[in-house]
Amino acid sequence: MTATDRPSSPYHPYAGRFDVHAAMPEEPISREQILGELRQMSAEEDHKGDTGRVSGSIYSGDHDHYALLTEAYSFYAHANVLQRDMYPSATKLEAEIIAMTADMLHGDDETGGLITSGGTESLVTAMLTYREWGRHVKGIERAQVIMPVTAHPAHEKAFHWFGIDVVKAPVTDQYVVDVDFVREHIGPNTVALIGSAGTYPHGLIDPIPELGRLAIDHDIGLHVDGCLGGFVIPWAEDLGYPLPPFDLGVPGVTSISADTHKYGFSLKGSSVLLFRPKSLRRHQYMIIEGWPGGNYALPSMGGSRSGGLIAATWASMLHLGKSGYRAIAADVFRTADEIKAAVRSHPELTLIGDSLFNVAFRATPGGGAIDIFHVNDALTQRGWRMNGLQNPPALHFCVTKPNTQPGVTEAFAVDLAAAIEYAKDPPSAMPRSGATYGAGGVSPDVDQMRSAIIDRLDAIHEIGPR
Ligand SMILES: Cc1ncc(COP(=O)(O)O)c(C=O)c1O
Numbered sequence: 001m002t003a004t005d006r007p008s009s010p011y012h013p014y015a016g017r018f019d020v021h022a023a024m025p026e027e028p029i030s031r032e033q034i035l036g037e038l039r040q041m042s043a044e045e046d047h048k049g050d051t052g053r054v055s056g057s058i059y060s061g062d063h064d065h066y067a068l069l070t071e072a073y074s075f076y077a078h079a080n081v082l083q084r085d086m087y088p089s090a091t092k093l094e095a096e097i098i099a100m101t102a103d104m105l106h107g108d109d110e111t112g113g114l115i116t117s118g119g120t121e122s123l124v125t126a127m128l129t130y131r132e133w134g135r136h137v138k139g140i141e142r143a144q145v146i147m148p149v150t151a152h153p154a155h156e157k158a159f160h161w162f163g164i165d166v167v168k169a170p171v172t173d174q175y176v177v178d179v180d181f182v183r184e185h186i187g188p189n190t191v192a193l194i195g196s197a198g199t200y201p202h203g204l205i206d207p208i209p210e211l212g213r214l215a216i217d218h219d220i221g222l223h224v225d226g227c228l229g230g231f232v233i234p235w236a237e238d239l240g241y242p243l244p245p246f247d248l249g250v251p252g253v254t255s256i257s258a259d260t261h262k263y264g265f266s267l268k269g270s271s272v273l274l275f276r277p278k279s280l281r282r283h284q285y286m287i288i289e290g291w292p293g294g295n296y297a298l299p300s301m302g303g304s305r306s307g308g309l310i311a312a313t314w315a316s317m318l319h320l321g322k323s324g325y326r327a328i329a330a331d332v333f334r335t336a337d338e339i340k341a342a343v344r345s346h347p348e349l350t351l352i353g354d355s356l357f358n359v360a361f362r363a364t365p366g367g368g369a370i371d372i373f374h375v376n377d378a379l380t381q382r383g384w385r386m387n388g389l390q391n392p393p394a395l396h397f398c399v400t401k402p403n404t405q406p407g408v409t410e411a412f413a414v415d416l417a418a419a420i421e422y423a424k425d426p427p428s429a430m431p432r433s434g435a436t437y438g439a440g441g442v443s444p445d446v447d448q449m450r451s452a453i454i455d456r457l458d459a460i461h462e463i464g465p466r
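In my numbering, the protein residues as written are 1 to 466.
This is the structure:
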């Protein structure tokens, strides 16, 4: 059944505009109609990100670059890279992506890697690796990992799935991990520490050299989550920005993740996970002998994988080159500086740390006057999409390439000033926005309401109200 008269909902704005397909059509729909609908929806949806008023989410926004990536993708979209006898080019492309990423992050001959489907898979795989390493090498049955409270929740998926105990380390008043706390909580079952470069909430870099020393002293792993920052902060040093050591150049770092589908400017669905020594990688290989389907051996979580994303990622890295990444990073850092200046110009707001690329700010503590989510409400009305944070309540503006276009920071400064005025005298005491990850700070009824969040997760998998 198809219908254009279905009611729309916040999650189903196209009901009423396009047919809703609750079952496959009996007869084929034309290529023109299919591509036409997709073209229309994607153009409308891209518009917001392309204007430069969105934090994070869209990293490149350059449609010429996308055209290159999708063409590269198209050659291998159908190829299953598990079948290396059929697609030996996958080894060339994959190994070169790993090598180029390792070179950027100060890896050495002992560095090896994997390509995964994204940051979450990279982090989960790293945690599995350390659990297995602890078992095989140290005889630790119940592994424990120490994770800063600001580290990404994808780590917690691994703890939940793989039965790993976690100790959550607080952050200092500088919002980076409290190393003293970490030191005091390393125990006989600790297999690894985590640090971020930079953190999702505040874009800050944990003290990786100090964590590295602890890792060496206790003969345990140290994973650096560079999923967000891994392809943008490496260029800071060349550009004259202060950059603390954070990567494989730091003794004690045994793995690092960097997402090619974020500041690597590839298509969604790819990330690189590097190990040093590369023998660590083996602890998560999966080899099952004796299966009637044949001996089964896989290097990572996934089964069949498309060669398309590997080709697109390879094309992105080669086409931009170091100079291309460096030039975009320069624009990102300059834009972040301008946003920080706008925030600093208001005594009602306070920056959280001083990130190179991901500017977090809150209502000035003790300033008393405003709720940061009222500021967000007013920014939203003016077409901005910030990310809402909590503990403390704050917003971040994660600067990506679309935000670097002319006029964006000037418009932000004007709208931020207006948003503060709005927040001083809001129309209702309760702000409309809050801190729900992935919802851009907008969460109509879900503030601290787990059941409403679960309803939303259900709703985005349904075809909509009937
Ligand atoms: C620091 C950090 N780590 C990991 C992730 C998870 O990445 P993904 O959404 O690609 O799974 C993110 C996502 O924003 C992140 O910011």
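Cβ coordinates follow ideal geometry from the N, Cα and C atoms, glycine included.
Query raised in the report: Run through DSSP, which three-state label would GLY269 get?
Result: Residue numbering aside, residue 269 sits at position 269 when the sequence shown is read from its first letter. In the structure shown, GLY269 sits in coil (DSSP, three-state: anything other than H, G, I, E or B).
**Report entry** Delimiting residues of the beta strand (DSSP E) encompassing TYR296
**Finding:** Numbered from 1 along the sequence shown, position 296 holds the residue referred to as residue 296. It spans 296–298 - the beta strand (DSSP E) in which TYR296 sits, taken as one unbroken run.
Query raised in the report: What are the complete alpha helix (DSSP H) segments, minimum 4 residues, inside the stretch 339–389?
Result: 372–381
Report task. Could you say if the stretch 288–304 and the stretch 48–55 meet the contact criterion of at least three C-beta pairs nearer than 8 Å? Result -> no
**Report entry** For GLY49, the nearest candidate out of MET386, ILE454, PRO153, ALA394 (CA to CA)
**Finding:** Taking the first residue of the sequence shown as position 1, residue 49 is located at position 49. If we check each option's Cα against that of GLY49, MET386 comes out closest.
Query raised in the report: Could you give the distance in angstroms between the alpha-carbon of MET1 and the alpha-carbon of PRO25?
Result: For the purposes of this step, residue 1 is taken as the residue at position 1 of the sequence shown. For the purposes of this step, residue 25 is taken as the residue at position 25 of the sequence shown. At MET1, the pLDDT of 43 sits below 50, so the modelled position is not reliable and the matter cannot be decided from this model.
Query - Unbroken beta strand (DSSP E) run spanning GLN144, endpoints - result: To locate residue 144, count along the sequence shown from 1; it is residue 144. Where GLN144 is concerned, the enclosing beta strand (DSSP E) stretches over 144–148.
Report task. Verify whether the separation of the beta carbon atoms of ILE146 and ALA169 is less than 7 Å. Result -> Start at 1 with the first residue of the sequence shown, and residue 146 comes out as number 146. Start at 1 with the first residue of the sequence shown, and residue 169 comes out as number 169. Yes, Cβ-Cβ distance for ILE146 and ALA169 is below 7 Å.
Query - Spatially closest choice to ALA67 from GLU338, ALA315, SER323, by CA coordinates - result: One-based indexing of the sequence shown puts residue 67 at position 67. For ALA67, the nearest C-alpha among the options comes from ALA315.
Query raised in the report: Considering LYS168, what are the terminal residues of the beta strand (DSSP E) in which it resides?
Result: As a first step, residue 168 is located in the sequence shown; it is residue number 168 there, counting from the start. Start and end: 165–169.
Requested in this report: Please determine if the stretch 83–94 and the stretch 420–434 are in contact, where contact requires at least 3 C-beta pairs separated by less than 8 Å.
Outcome: no
Query raised in the report: Helix, strand or coil for ASP225 per DSSP?
Result: For the purposes of this step, residue 225 is identified with residue 225 of the sequence shown, where counting begins at 1. The answer is strand: DSSP assigns ASP225 an E or B state.
Query raised in the report: Cβ of PHE357 within 7 Å of Cβ of SER60?
Result: Here the question's residue 357 lines up with position 357 in the sequence shown. Here the question's residue 60 lines up with position 60 in the sequence shown. Their beta carbons are not under 7 Å apart, which means PHE357 does not touch SER60 by this criterion.
Query raised in the report: Can you name, in chain order, every residue of its own chain whose Cβ lies under 7 Å from the Cβ of GLY269, other than the five neighbours on each side?
Result: If you number the sequence shown from 1, residue 269 lands on position 269. Once the five neighbours on either side are set aside, the close Cβ partners of GLY269 are SER117, GLY118, HIS261, LEU309.
Query - DSSP state of ILE287 mapped onto helix, strand, coil - result: To locate residue 287, count along the sequence shown from 1; it is residue 287. In the structure shown, ILE287 sits in a strand (DSSP, three-state: E or B).
Query raised in the report: Going by Cα to Cα distance, which pick from PRO7, VAL414, VAL166 is closest to HIS143?
Result: Counting from 1 along the sequence shown, the entry for residue 143 is found at position 143. As written in the sequence, residue 143 is Ala, which differs from the His given in the question. For ALA143, the nearest C-alpha among the options comes from VAL166.
Query - Collapsed DSSP secondary structure at GLU18 in the structure displayed - result: Within the sequence shown, residue 18 is the residue found at index 18, counting from 1. Per the sequence shown, the amino acid found at residue 18 is Phe instead of Glu. The answer is strand: DSSP assigns PHE18 an E or B state.
Query raised in the report: For ligand 1, is there a heavy atom less than 6 Å away from the beta-carbon of CYS227?
Result: Here residue 227 refers to the residue found at position 227 when the sequence shown is read from its first residue. Within the cutoff, so yes.
Requested in this report: Indicate the three-state DSSP secondary structure (helix, strand or coil) for ASN80 in the structure shown.
Outcome: As a first step, residue 80 must be located in the sequence shown, where it is residue number 80. In the structure shown, ASN80 sits in a strand (DSSP, three-state: E or B).
Requested in this report: Could you name the residues that DSSP lists as bridge partners for ILE194?
Outcome: For the purposes of this step, residue 194 is identified with residue 194 of the sequence shown, where counting begins at 1. Bridge partners of ILE194: HIS223.
**Report entry** Residue from ALA72, THR199, TYR14, PRO209 with nearest C-alpha to VAL179
**Finding:** Position 179 of the sequence shown holds residue 179. Per the Cα distances, PRO209.
Query raised in the report: Is DSSP giving ALA429 helix, strand or coil here?
Result: Residue numbering aside, residue 429 sits at position 429 when the sequence shown is read from its first letter. In the structure shown, ALA429 sits in coil (DSSP, three-state: anything other than H, G, I, E or B).
Report task. Answer yes or no: the CB of HIS152 versus the heavy atoms of ligand 1, is any distance below 6 Å? Result -> As a first step, residue 152 must be located in the sequence shown, where it is residue number 152. It does: the Cβ of HIS152 is within 6 Å (strictly closer) of some heavy atom of ligand 1.
Report task. Determine the direct distance from the alpha carbon of TYR76 to that of GLU110, and round the result to whole angstroms. Result -> Within the sequence shown, numbered from 1, the residue matching residue 110 stands at position 110. Within the sequence shown, numbered from 1, the residue matching residue 76 stands at position 76. Roughly 30 Å between the two C-alpha positions.
Query raised in the report: So who's on the other strand from GLY113, going by DSSP bridges?
Result: Here residue 113 refers to the residue found at position 113 of the sequence shown. According to DSSP, which records beta bridges pairwise, GLY113 is partnered with LEU274.
Query raised in the report: What is the C-beta distance between VAL176 and GLY212, in whole angstroms, given that I count them as a contact (C-beta under 8 Å)?
Result: Counting from 1 along the sequence shown, the entry for residue 176 is found at position 176. Counting from 1 along the sequence shown, the entry for residue 212 is found at position 212. With a Cβ gap of about 14 Å, VAL176 and GLY212 do not count as contacting.
Query - Three-way DSSP call (helix, strand, coil) for LEU204 in this model - result: For the purposes of this step, residue 204 is taken as the residue at position 204 of the sequence shown. Looking at LEU204 - three-state DSSP - the assignment turns out to be coil, as it is neither helix nor strand.
Requested in this report: Can you say whether ILE164 is buried or exposed, counting buried as having 16 or more other CB atoms within 10 angstroms of its CB?
Outcome: Your numbering for residue 164 matches position 164 in the sequence shown. Under this definition ILE164 is a buried residue.
Report task. Return the residue from the list PHE18, MET286, SER255, TYR263 that minimises the CA-CA distance to LYS278. Result -> On the sequence shown, position 278 is the one that residue 278 refers to. Answer by Cα proximity: SER255.
**Report entry** Validate contact between the stretch 234–247 and the stretch 124–140 using beta carbons, cut 8 Å, 3 pairs
**Finding:** no
Query raised in the report: Between ALA72 and the rest of its own chain, which residues show a CB-CB distance below 6 Å, the 5 nearest in sequence each way excluded?
Result: The residue you call residue 72 lines up with position 72 of the sequence shown. Hits under 6 Å: ALA311, ALA312, ALA315.
Query raised in the report: Should LYS401 go down as buried or exposed, given a rule of 16 or more other Cβ atoms within 10 Å for buried?
Result: In the sequence shown, counting from the first residue as 1, residue 401 sits at position 401. LYS401 comes out buried.
Query raised in the report: For TYR200, is the beta carbon positioned less than 6 Å from some heavy atom of ligand 1?
Result: For the purposes of this step, residue 200 is identified with residue 200 of the sequence shown, where counting begins at 1. The answer is yes for TYR200.
Requested in this report: Output the distance between the C-alpha atoms of VAL20 and VAL359, rounded to the nearest integer angstrom.
Outcome: The count along the sequence shown starts at 1 and reaches residue 20 at position 20. The count along the sequence shown starts at 1 and reaches residue 359 at position 359. VAL20 and VAL359: Cα-Cα distance of roughly 40 Å.
Requested in this report: Measure the alpha-carbon distance for SER474 versus ILE233 and round it to whole angstroms.
Outcome: What the structure shows of the chain is the stretch from 1 to 466, and residue 474 is not part of that stretch, so it cannot be assessed.
Requested in this report: Quick one: residues in its chain with C-beta nearer than 7 Å to the C-beta of PHE361, no 5 flanking neighbours on either side, listed in chain order?
Outcome: Position 361 of the sequence shown, counting from 1, holds the residue named residue 361. If we look at PHE361 and ignore the five residues flanking it on each side, its Cβ neighbours are VAL343, LEU349, THR350, LEU351, ILE352, ALA394, LEU395.
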